[in-house]
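Inspection log for the structure reproduced underneath, given as structure tokens.
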Amino acid sequence: MTIPKIGFRDETPGVGVANDGKAETKHAYLNILTRGDLSSFVWVDSQLKYFREPADSILCQVYYAPLNFRDVMLASGKLPADAIPGDLALQDCILGLEFSGRLENGQRVMGLVPAKGLATTVAADPNFMWDVPDDWSLEEASTMPVAYSTAYNALIMRGHLRKGERVLIHSGSGGVGQAAIAIALSLGCEVLTTVGSTEKRESLKKRFNELQDRNFCNSRDTSFEQYILNATNGEGVDVILNSLAEEKLKATLNCLAQHGRFLEIGKYDLSNNTPLDALFEYKSYSLQAKKEVVQLVRDGIANGTVKPLNSILFDSDQTEQAFRFMASGKHIGKVVLKIRDEEPQKKIVPTPVQFKALSRTTCNPEKSYVIIGGLGGFGFELCQWLVERGARHLVLTSRSGLKTGYQKLCMNRWNKENINIIVSKLNAAKMDDAKALLKMAAEIKPVAAIFNLALVHRDAFMENQTVENFKEVYEPKVTSTLNLDAASRELCPELDWFVCFSSVSCGRGNAGQSNYGYANSVMERICEERSKEGLSGLAIQWGAIGDVGVIEVTVGSDVVVG
Numbered sequence: 001m002t003i004p005k006i007g008f009r010d011e012t013p014g015v016g017v018a019n020d021g022k023a024e025t026k027h028a029y030l031n032i033l034t035r036g037d038l039s040s041f042v043w044v045d046s047q048l049k050y051f052r053e054p055a056d057s058i059l060c061q062v063y064y065a066p067l068n069f070r071d072v073m074l075a076s077g078k079l080p081a082d083a084i085p086g087d088l089a090l091q092d093c094i095l096g097l098e099f100s101g102r103l104e105n106g107q108r109v110m111g112l113v114p115a116k117g118l119a120t121t122v123a124a125d126p127n128f129m130w131d132v133p134d135d136w137s138l139e140e141a142s143t144m145p146v147a148y149s150t151a152y153n154a155l156i157m158r159g160h161l162r163k164g165e166r167v168l169i170h171s172g173s174g175g176v177g178q179a180a181i182a183i184a185l186s187l188g189c190e191v192l193t194t195v196g197s198t199e200k201r202e203s204l205k206k207r208f209n210e211l212q213d214r215n216f217c218n219s220r221d222t223s224f225e226q227y228i229l230n231a232t233n234g235e236g237v238d239v240i241l242n243s244l245a246e247e248k249l250k251a252t253l254n255c256l257a258q259h260g261r262f263l264e265i266g267k268y269d270l271s272n273n274t275p276l277d278a279l280f281e282y283k284s285y286s287l288q289a290k291k292e293v294v295q296l297v298r299d300g301i302a303n304g305t306v307k308p309l310n311s312i313l314f315d316s317d318q319t320e321q322a323f324r325f326m327a328s329g330k331h332i333g334k335v336v337l338k339i340r341d342e343e344p345q346k347k348i349v350p351t352p353v354q355f356k357a358l359s360r361t362t363c364n365p366e367k368s369y370v371i372i373g374g375l376g377g378f379g380f381e382l383c384q385w386l387v388e389r390g391a392r393h394l395v396l397t398s399r400s401g402l403k404t405g406y407q408k409l410c411m412n413r414w415n416k417e418n419i420n421i422i423v424s425k426l427n428a429a430k431m432d433d434a435k436a437l438l439k440m441a442a443e444i445k446p447v448a449a450i451f452n453l454a455l456v457h458r459d460a461f462m463e464n465q466t467v468e469n470f471k472e473v474y475e476p477k478v479t480s481t482l483n484l485d486a487a488s489r490e491l492c493p494e495l496d497w498f499v500c501f502s503s504v505s506c507g508r509g510n511a512g513q514s515n516y517g518y519a520n521s522v523m524e525r526i527c528e529e530r531s532k533e534g535l536s537g538l539a540i541q542w543g544a545i546g547d548v549g550v551i552e553v554t555v556g557s558d559v560v561v562g
């Protein structure tokens, strides 16, 4: 009789985990566990602990990390993740766009990242970074990247703003608004801007001497439409930088002059299908575009157009308060999280800070992962999970190879992400093939893990079972696991994980599946023996899985197991 063993074990080598599931780490990022619940922010262990500096990114110690409107919309659940262009929606965290900090040599920098910028460390694109001027603090520097990059990209690269034109800039007291006003004034343009309070208007007048009361109108309602048309003798403005939604968006369009340019930097209405498709199209930055916007910002710093914005500082343990404050719309400039204090020296090698972060399984991008039965529905979900956790080299086995359009779609997607996927027809139930498979994986990168997901069903009551049926079920689970156990002890004894997918039919039984339960039971005993000997070994008793897997494929969703 099989007696299931139930318990918790830490599968992360060398990492002590507290009772609350958190551990001290040098690499952590801020994430929200439940979108819409701002009390569920948590610092999470980052896979940057495996970082090896490639040619296209560089590791930076983060000192200050500002919040942006996109972060607030995503965290509050008002903007769905799939509204973000590209493959970012597939990542577990897409918060954080900018930072300031130090490189490992101590140089002070500020820059942009696509996601996970609210962190202790980031892997940043050197093409999207700037040196921090000596007369700026790192706190001041953190307010610059998104605001000025967005404003230059919109007004100059897309809007082709010219000297003397009229420009309407919505939400002028925000980060992008202040940056856009500075750029427009540097070109000698006539600026009209909306603000939500007298305090914000006075703050902008103090920052920009060129602005008078006549340059301002109200952003709280649509009265700005009539004000702007009156101020321009009914002509409207040449360029609009918009971030407003719904009725205010419609009023804004009425302010545009003939042949004017409308520049949309908001996302809320666009993701809710307001018909503006013809007016706005998101394009990812090409290498040339990166160089152009970086140079525009660099020139702006040199000529005094680019200056630090006003900021309100929150400590790293005040994330909920920071997000709620920014969501209230009361801030002027930027809301910034302080990750650590800046040293007085302009150049000093930074000492990593330790954060208590939620432990999260991560994969080493410099190792390979072997999945037996990797092209099945469940196998493909495991592959996606490994990729999301940092794996970059996967070796999958399958008797049939790629067959479905979904499989080909996923493979193409992973190839575009530079994920190295090898599909093999080697049969791990044969010892020579098992060794060849592990040698193949080791030639790519050292083997980190082996997963056995293989299964065959030959269900029947005992009186109808045959030796052949038992053998067909037994071999992919038991024989393959025995071979992989023996081969890995010889070829890759330092495995992080040796995982077998078992079934509740082993622990509790299921009608007609005595052969299947028996095979799973033997497989579990192999994992137990490995664990007793100090090797990695884990068997997971899965129940019926919805949407993917053998039950969904063979009998659909209307089935009772057990």
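Residue numbers (full-length UniProt numbering): 1 to 562.
Every residue gets a Cβ at the ideal spot worked out from N, C-alpha and C, and that includes glycine.
Just so it is clear, the structure is predicted and the values come from calculations on it, not from any experiment.
For residue j and residue i, believed in contact at Cβ under 8 angstroms, the rounded distance
i      : j      : result
ALA449 : TRP414 : Not quite, the Cβ-Cβ distance comes to about 17 angstroms (not below 8 angstroms), so this is no contact.
GLU210 : CYS189 : That belief does not hold up - the Cβ atoms of GLU210 and CYS189 are roughly 10 angstroms apart, past 8 angstroms.
VAL336 : GLU139 : 6 angstroms
LEU155 : ALA180 : 6 angstroms
LEU313 : LYS338 : 6 angstroms
GLY266 : ASN242 : 6 angstroms
GLN91  : GLU388 : 7 angstroms
SER359 : ALA23  : 5 angstroms
GLY534 : GLU528 : Contact flag wrong, Cβ pair sits at about 13 angstroms.
Proximal residues to residue i (C-beta, below 6 angstroms), its chain only, five neighbours per side dropped
i      : result
LYS49  : HIS27
PRO446 : LYS367
ASN31  : VAL44 and CYS93
Sequence-distant residues of its chain with Cβ nearer than 7 angstroms to residue i (five each side left out)
i      : result
MET523 : LYS477, VAL478, THR481, CYS500, SER502 and ALA539
THR305 : ALA182, ILE183 and SER186
CYS255 : LEU168, GLU225, ILE228, LEU229, GLY236, VAL237 and ILE240
LEU484 : ALA428, ALA434, ILE450 and ASN452
ASN272 : Here the model assigns ASN272 a pLDDT of 45, short of 50, so the residue's position is not dependable, and the following value carries that caveat. Taken in chain order, the list of residues that qualify is empty.
SER57  : ALA123, ALA124 and ASP125
Where the alpha helix (DSSP H) containing residue i begins and where it ends
i      : result
LEU249 : 246-253
THR319 : 319-328
LYS435 : 431-444
GLU225 : 223-231
LEU482 : 480-491
Residue i and residue j closer than 7 angstroms at C-beta
i           : j      : result
GLN61       : THR362 : no
ILE332      : SER173 : yes
residue 564 : ALA75  : Because the chain in this structure spans residues 1 to 562, residue 564 falls outside the shown range and cannot be described.
ALA441      : GLY373 : no
PRO145      : GLU98  : yes
PHE355      : TRP130 : no
GLY401      : LEU309 : no
GLY96       : ALA65  : yes
LEU409      : ALA487 : no
VAL473      : ALA519 : yes
ALA132      : ALA119 : Before going on, a small fix: residue 132 reads as Val here, not Ala. Result no, Cβ atoms of VAL132 and ALA119 do not sit closer than 7 angstroms.
LEU116      : CYS93  : Per the sequence shown, residue 116 should be read as Lys rather than Leu. Yes, these two residues count as a Cβ contact at 7 angstroms.
LEU33       : SER40  : yes
HIS393      : ASN420 : yes
Inter-residue spacing [alpha-carbon to alpha-carbon] between residue i and residue j
i      : j      : result
ARG9   : GLY21  : Caution is warranted here: a pLDDT of 43 is assigned to ARG9, below 50, making its placement in the model unreliable, and the coordinate value is therefore given only provisionally. About 11 angstroms.
THR222 : GLY36  : 28 angstroms
GLY159 : MET73  : 26 angstroms
VAL370 : LEU396 : 6 angstroms
THR252 : ARG298 : 31 angstroms
SER531 : GLU381 : 26 angstroms
PRO344 : TRP136 : 12 angstroms
SER197 : ALA289 : 36 angstroms
ASP315 : TYR63  : 11 angstroms
ASP317 : ASN153 : 33 angstroms
PRO80  : GLN321 : 22 angstroms
ASP277 : THR404 : Because the pLDDT at ASP277 is just 33, under 50, the model does not fix this residue reliably, and the point stays unresolved.
LYS250 : ILE348 : 52 angstroms
GLU494 : TRP542 : 26 angstroms
ASN418 : ARG214 : 54 angstroms
Segment limits, beta strand (DSSP E) that includes residue i
i      : result
ASN242 : 237-242
TYR63  : 58-66
CYS189 : Run containing CYS189: none; DSSP gives neither H nor E here.
ASN218 : 216-218
Beta-carbon proximity list for residue i, same chain, < 8 angstroms, skipping 5 on both sides
i      : result
ALA436 : LEU426
LEU204 : GLY172, SER173, GLN178, ILE181, THR193, VAL195, LEU211 and PHE216
ASP432 : none
Cβ-heavy atom distance, residue i to the ligand FMN, below 6 angstroms
i     : result
ILE84 : Only the bare structure without any ligand can be found here, which leaves the ligand FMN out of the picture.
Residue-chain proximity (residue i, chain D), Cβ-Cβ < 7 angstroms
i      : result
GLY188 : Protein chains in the displayed structure number just one, and chain D is not present.
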